[in-house]
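Structure, as structure tokens:
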Amino acid sequence: MVQKVYDSAGAALDGMVRDGMTIAAGGFGLCGIPETLIDALVRSGVRDLTIVSNNAGVDDFGLGRLLRTRQVRKMISSYVGENREFERQYLAGDLEIEFSPQGTLAERMRAGGAGIPAFFTRTGVGTQIAIGKPTADFDGELYVMERGIVADLAIVKAWKADPYGNLVYRKSARNFNPMAATCGRVTIAEVEQLVDPGAIDPDHVHTPGVFVQRLIRATCNEKRIEQRTTRSAHAA
Amino acid sequence: MSWTRDQMAARAAQELRDGYYVNLGIGIPTLVANHVAPDIDITLQSENGILGLGAFPTEAEVDPDIINAGKQTVTELDRTSYVSSADSFGMIRGGHIQLSVLGAMEVAENGDLANWMVPGKMVKGPGGAMDLVAGVRRIIVLMDHLDKAGSPKFRRACTLPLTGTNVVDMVITNLAVFERPDRASPFRLIERAPGVTLDQVRDATEARFEVSPA
Numbered sequence: 003m004v005q006k007v008y009d010s011a012g013a014a015l016d017g018m019v020r021d022g023m024t025i026a027a028g029g030f031g032l033c034g035i036p037e038t039l040i041d042a043l044v045r046s047g048v049r050d051l052t053i054v055s056n057n058a059g060v061d062d063f064g065l066g067r068l069l070r071t072r073q074v075r076k077m078i079s080s081y082v083g084e085n086r087e088f089e090r091q092y093l094a095g096d097l098e099i100e101f102s103p104q105g106t107l108a109e110r111m112r113a114g115g116a117g118i119p120a121f122f123t124r125t126g127v128g129t130q131i132a133i134g135k136p137t138a139d140f141d142g143e144l145y146v147m148e149r150g151i152v153a154d155l156a157i158v159k160a161w162k163a164d165p166y167g168n169l170v171y172r173k174s175a176r177n178f179n180p181m182a183a184t185c186g187r188v189t190i191a192e193v194e195q196l197v198d199p200g201a202i203d204p205d206h207v208h209t210p211g212v213f214v215q216r217l218i219r220a221t222c223n224e225k226r227i228e229q230r231t232t233r234s235a236h237a238a
Numbered sequence: 003m004s005w006t007r008d009q010m011a012a013r014a015a016q017e018l019r020d021g022y023y024v025n026l027g028i029g030i031p032t033l034v035a036n037h038v039a040p041d042i043d044i045t046l047q048s049e050n051g052i053l054g055l056g057a058f059p060t061e062a063e064v065d066p067d068i069i070n071a072g073k074q075t076v077t078e079l080d081r082t083s084y085v086s087s088a089d090s091f092g093m094i095r096g097g098h099i100q101l102s103v104l105g106a107m108e109v110a111e112n113g114d115l116a117n118w119m120v121p122g123k124m125v126k127g128p129g130g131a132m133d134l135v136a137g138v139r140r141i142i143v144l145m146d147h148l149d150k151a152g153s154p155k156f157r158r159a160c161t162l163p164l165t166g167t168n169v170v171d172m173v174i175t176n177l178a179v180f181e182r183p184d185r186a187s188p189f190r191l192i193e194r195a196p197g198v199t200l201d202q203v204r205d206a207t208e209a210r211f212e213v214s215p216a
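Order-wise, the sequence lines are chains F and P.
Counting from 1, position 162 in the first sequence corresponds to residue 164 in this note's numbering; the numbering is continuous, with no gaps.
Counting from 1, position 156 in the second sequence corresponds to residue 158 in this note's numbering; the numbering is continuous, with no gaps.
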């Protein structure tokens, strides 16, 4: 068996990072983000990154840590609120942002991973998002062309993996992770549980091992909550 | 007397039909879930990948892996399924979600919607709003009739950058309800909040609209 399991995030990233590269990351807000690999990227010192991720973390957590150390040159995201450091660098002209509508971003990653260089969508037609992009009429409706995304490296967070790299995500922590996993030339997954071969029902695999080249056990599973919203048990 | 936010949400809830799959935007639209009639069964979709959104959790139920599109902790139901973001927006873009209720900065009389950026202010991005208005079959906007400066938000044309063109089907404000039967028709004033006169609505609205009953 090809050995996909690495001892640490640092070991898994060894030889995989270079300045100016494009990295796709799974996660929505702070949910389902590859916390361990992000911290290892900070330690690697790699610079001038283009990061493809729905969000940009918060000031001191998630991708916000890579922003704080000024390792990011450009973000491709749908929404970057909740991050003052991002705002500071953007307004100073040190950070570039390419906004992609959330569903378009997900589809761009899916398409890139599936060998589809571009596709047409109604999303964004007639808005700033469509400026400079080709449009076409299909059955009397106008669509805008969006490009697939292939990243040099993808980093994802899964709940369970077997040594073959078959992945299972947990609940809404799935979000962008399956598409990120497919769109990396190399994909590294960090997982909460590494299980034995055969322990994952083949019918329950979300991301098959073909998309995953390297695996580590996640050592950071803080899973910080952005909006802890509860109801009283009595009202239930 | 104008409607409160809860009353606006309750009015939007009257548009729900049994069996609908519905996406509620962040803010006032979230309140619509509190006003679903007991004989109506709907399934809420959250674009980050939950179909079948439950209530907020009790302190003991909080699970950081279950959040809604507003990044709030939520719960699952016996009908819930989790999907990827690509599949979630496949539902939206593919027209499988019957209704979305969203907030707005401006709506134009031709159904254009602006709700994602104000020039000169830090732009946070469109999130999923552009996908929702382009893909969901019916779009209801819940918004205050006037902005903080007292200017009408229902206008001849949007002044702010658009989220989508010709996408709004119904506008519910604190003063009135406007609707159009299809996207080639003009909006029609169909209801006013108690005590609000037609003249008050006209004074507070820049958009042209028909009045029902004519």
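Glycine included, C-beta positions come from ideal geometry on N, C-alpha and C.
**Message:** Can you list, in chain order, the residues of its chain with a C-beta nearer than 6 Å to that of P/R182? Leave out the 5 residues immediately preceding and following it.
**Reply:** F189
**Message:** Between the alpha carbons of F/G95 and P/L79, how many angstroms are there, rounded?
**Reply:** 45 Å
**Asked** Quick one: is F/V74 buried, meaning 16 or more other Cβ sit within 10 Å of its Cβ, or exposed?
**Response** buried
**Prompt:** To which residues does DSSP link F/D139 through a beta bridge?
**Reply:** F/L144
**Request:** Measure how close the beta-carbons of F/P180 and F/H206 come, nearest whole angstrom, since I'm counting them as under 8 Å.
**Result:** Actually they are not in contact, since the Cβ atoms of F/P180 and F/H206 sit about 13 Å apart, beyond 8 Å.
**Request:** Look up P/I174 in the DSSP assignment and say whether it is helix, strand or coil.
**Result:** strand
**Asked** What does a CB cutoff of less than 7 Å around P/V103 pick up in its chain, not counting 5 residues either side in sequence?
**Response** A14, L26, G27, P31, V34, I142, L144
**Prompt:** Is the CB of F/E109 under 8 Å away from at least one CB in chain P?
**Reply:** yes
**Item:** Nearest candidate by alpha-carbon position, reference F/G17, set F/Q5, F/F101, F/V48
**Value:** F/V48
**Prompt:** Cβ of P/D20 less than 8 Å from any chain F Cβ?
**Reply:** no
**Item:** Cβ neighbours of P/E108 in the same chain (closer than 6 Å, five flanking residues each side left out)
**Value:** A116, K155, R157, C160, L162
**Message:** If you reduce the DSSP assignment to three classes, tell me which class P/N36 lands in.
**Reply:** helix
**Request:** Taking 8 Å as the cut-off, decide whether the C-beta atoms of F/G1 and P/M132 are in contact.
**Result:** No answer is possible for residue 1 of chain F: it lies beyond the span of chain F, which begins at 3 and ends at 238.
**Request:** Would you kindly check if the distance between the Cβ of P/D67 and the Cβ of F/A116 is under 8 Å?
**Result:** no
**Asked** Does any C-beta atom of chain F lie closer than 8 Å to the C-beta of P/I110?
**Response** Reading the sequence as shown, one finds Ala at residue 110 of chain P and not Ile. No, P/A110 does not count as interfacial toward chain F.
**Asked** Are any of the Cβ atoms in chain P nearer than 8 Å to that of F/V44?
**Response** no
**Asked** From what residue to what residue does the alpha helix (DSSP H) around F/I40 run?
**Response** 37 to 46
**Request:** Taking P/S86 as the reference, give the member of F/A191, F/T232, F/F178 with the closest Cα.
**Result:** F/F178
**Request:** List the endpoints of the continuous beta strand (DSSP E) containing F/S102.
**Result:** Per DSSP, F/S102 belongs to no beta strand (DSSP E) and is neither H nor E.
**Message:** Any beta carbon of chain P sitting closer than 8 Å to that of F/Q130?
**Reply:** yes
**Message:** Pairs of beta-carbons, one from the segment 50 to 65 of chain F and one from the segment 21 to 34 of chain F, closer than 8 Å: are there three or more?
**Reply:** yes
**Request:** Taking C-beta pairs closer than 7 Å, name the residues in chain P that F/E228 reaches, listed in chain order.
**Result:** K73
**Item:** Limits of the beta strand (DSSP E) - the one that F/M77 falls within
**Value:** 74 to 79
**Prompt:** Under three-state DSSP, which class holds F/D21?
**Reply:** coil
**Prompt:** Using a beta-carbon distance below 8 Å, is F/A238 in contact with chain P?
**Reply:** Reliability fails at F/A238, whose pLDDT of 45 lies under 50, so the model's placement of it is uncertain and the value that follows must be treated cautiously. Cβ-Cβ to chain P under 8 Å: yes for F/A238.
**Asked** Distance, Cα to Cα, F/G134 vs P/D149?
**Response** 32 Å
**Asked** In this structure, does DSSP put F/F121 in helix, strand or coil?
**Response** strand
**Request:** Could you pull out every residue in the same chain whose Cβ sits closer than 6 Å to the Cβ of P/L101, ignoring the five residues on either side in sequence?
**Result:** Y22, V24, R140
**Under 9 Å (Cβ pairs) to chain F, residues found in the segment 42 to 69 of chain P** = S48, E49, N50, G51, I52, A57, F58, P59, T60, E61, A62, E63, V64, D65, P66, D67, I68, I69
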